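Chemist: Residue numbers (the working numbering): 239 to 390.
Sharing a structure with you now.
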Amino acid sequence: TNDEVKWHTHVTKGFIEGGDRLTILVLHNAANPFEWGYPPPATTSIGCYGFHWYDHTDIHWMTLALDLRASMQELASNGTLLPVQAWTPDMAPRLRRFHKAYWLAARMAPLRSMLNRAPVDEASDEYLVALLDAGLDTKGASDGFEVGVRDL
239 TNDEVKWHTH
249 VTKGFIEGGD
259 RLTILVLHNA
269 ANPFEWGYPP
279 PATTSIGCYG
289 FHWYDHTDIH
299 WMTLALDLRA
309 SMQELASNGT
319 LLPVQAWTPD
329 MAPRLRRFHK
339 AYWLAARMAP
349 LRSMLNRAPV
359 DEASDEYLVA
369 LLDAGLDTKG
379 ASDGFEVGVR
389 DL
């Protein structure tokens, strides 16, 4: 790792269109949240559902002061990542709306109602179905484990 790489994280309300727990959004040069030093020549913002992947109401963002385009292309070419959607200027208006919303979210700009909550289809999520079938509560363990004030 490089100790001199700037990074910034934040969370926005919203969902990833057609996404699941393994989906990430990658936006190049969408945001520059760095207020100190010289502006970076490039940034990469990555959004995902994060720890609460089953909730589909929040997108967790990390913006790095790095140009990761070549790295992302390499990951796609070796099969580590599977590109699902690439945004283009001539895409359908509905998809352009999502593109605009993700750029606003990466920039921490107001979204208004652009990324309202998406319904979660639990039946199509094999991992979540396995947890529920095992009797585990996805919002908290069912084994009696609790964190008290003393533990904080």
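Just so it is clear, CB atoms sit at the ideal spot from N, CA and C, and this is done for glycine as well.
Every value quoted in this text rests on a predicted model; they were computed, and no experiment measured them.
Smallest Cα separation from lysine 244: which of Trp274, Arg307, Pro348, Val264?
Modeler: Trp274
Chemist: So, at 7 Å on beta carbons, what are the nonlocal neighbours of glutamine 311 in its own chain, with the 5 sequence-adjacent residues on each side left out?
Modeler: Result list for glutamine 311: empty, nothing under 7 Å.
Chemist: One question on the structure: do histidine 298 and phenylalanine 253 come within less than 8 Å of each other, judged by their Cβ atoms?
Modeler: no
Chemist: By the three-class DSSP mapping on this structure, what secondary structure does tryptophan 299 have?
Modeler: strand
Chemist: Could you give the residue range of the beta strand (DSSP E) that holds tryptophan 245?
Modeler: Membership of tryptophan 245 in the beta strand (DSSP E) is indicated by the continuous run 245 to 251.
Chemist: Just tell me which of Arg350, Thr318, Ser309, Gly288 has its CA closest to the CA of glycine 257.
Modeler: Gly288
Chemist: Is there contact here, the stretch 319 to 330 with the stretch 277 to 284, by at least three beta-carbon pairs under 8 Å?
Modeler: no
Chemist: Do serine 315 and threonine 301 have their C-beta atoms closer together than 8 Å?
Modeler: no
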